[in-house]
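*Asks:*
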Amino acid sequence: MISKEMAAGYCLKFGQMRNFPRDMPAAFGELVLAMECSDTEEIARRATATFLDNADPETPCPMPRNIREAIYAIQEPVYEAPRPPEPVCPDCEDSGIVGGFLGGPRGIWCDCLSGQKLKAKHPGELDAVNEVYDKLTARLGKKETTRELLARIASERRTLANVTQILSSIDAGRQQ
Ligand SMILES: [Zn+2]
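Take the sequence shown: its position 117, counting from 1, is numbered 1495 in our numbering, and each next residue is one higher.
1) Under 8 Å by Cβ, that's how I've got residue 1470 and residue 1502 pegged, so tell me the actual separation to the nearest angstrom.
2) Taking the DSSP output, what are the residues bridged to residue 1486?
3) Can you tell me where the alpha helix (DSSP H) with residue 1428 in it begins and where it stops?
4) Based on DSSP bridge pairs, tell me the residues matched to residue 1396.
5) Measuring only from the beta carbon, is residue 1477 closer than 8 Å to any heavy atom that is part of ligand 1?
6) Please classify residue 1465: does DSSP put it in a helix, a strand, or coil?
7) Between which two residues does the alpha helix (DSSP H) holding residue 1401 run?
8) Does the beta-carbon of residue 1432 have 16 or more other beta-carbons within 10 angstroms, so that it is buried, or is it exposed?
9) Please report the straight-line C-alpha distance between residue 1505 and residue 1476, rounded to a whole angstrom.
10) Kindly examine ligand 1 and report whether one of its heavy atoms sits closer than 8 Å to the Cβ of residue 1493.
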């Protein structure tokens, strides 16, 4: 809210407009009350300008409701509700990878934005994971590979690099 004095100052700018409540203190007070809804002077200034910019002496003085509407139209963006989250990609649930290393088929980059971003960030990583995964499944079978991977991945962050590392360490352990 701006002060009554400041709001009155802006309302006086309507003085040249038709039906301005010149000798009606109560009516002028209602205009001021409406103008006080401005959060900042800048908003009061802009709201006032919406009436004055194209006004001529025949333009009627805004009513309190008009002033409030003008203010809220400007202020609204300030109070914009937080945006709903972007829709989650149905193919990869925004992981960027379709399929994957956890028991499913080999992973491929998703076509969505998450997939493109991840691919740009870790270009060779998915191939590396798949390569180790293929090697392991060829030797241990898919079931055993998945079991080992799941057992280790619980305590690690599931990133591509980590999965590659974990798979490699399983591979190394099995070769001994
Ligand atoms: Zn996706």
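Cβ coordinates follow ideal geometry from the N, Cα and C atoms, glycine included.
*Replies:* A quick look at the data gives this:
1) Not a contact, Cβ separation roughly 19 Å.
2) 1476
3) 1419 to 1430
4) 1438
5) no
6) coil
7) That residue, residue 1401, is in no alpha helix (DSSP H); it is neither H nor E in DSSP.
8) exposed
9) 13 Å
10) yes
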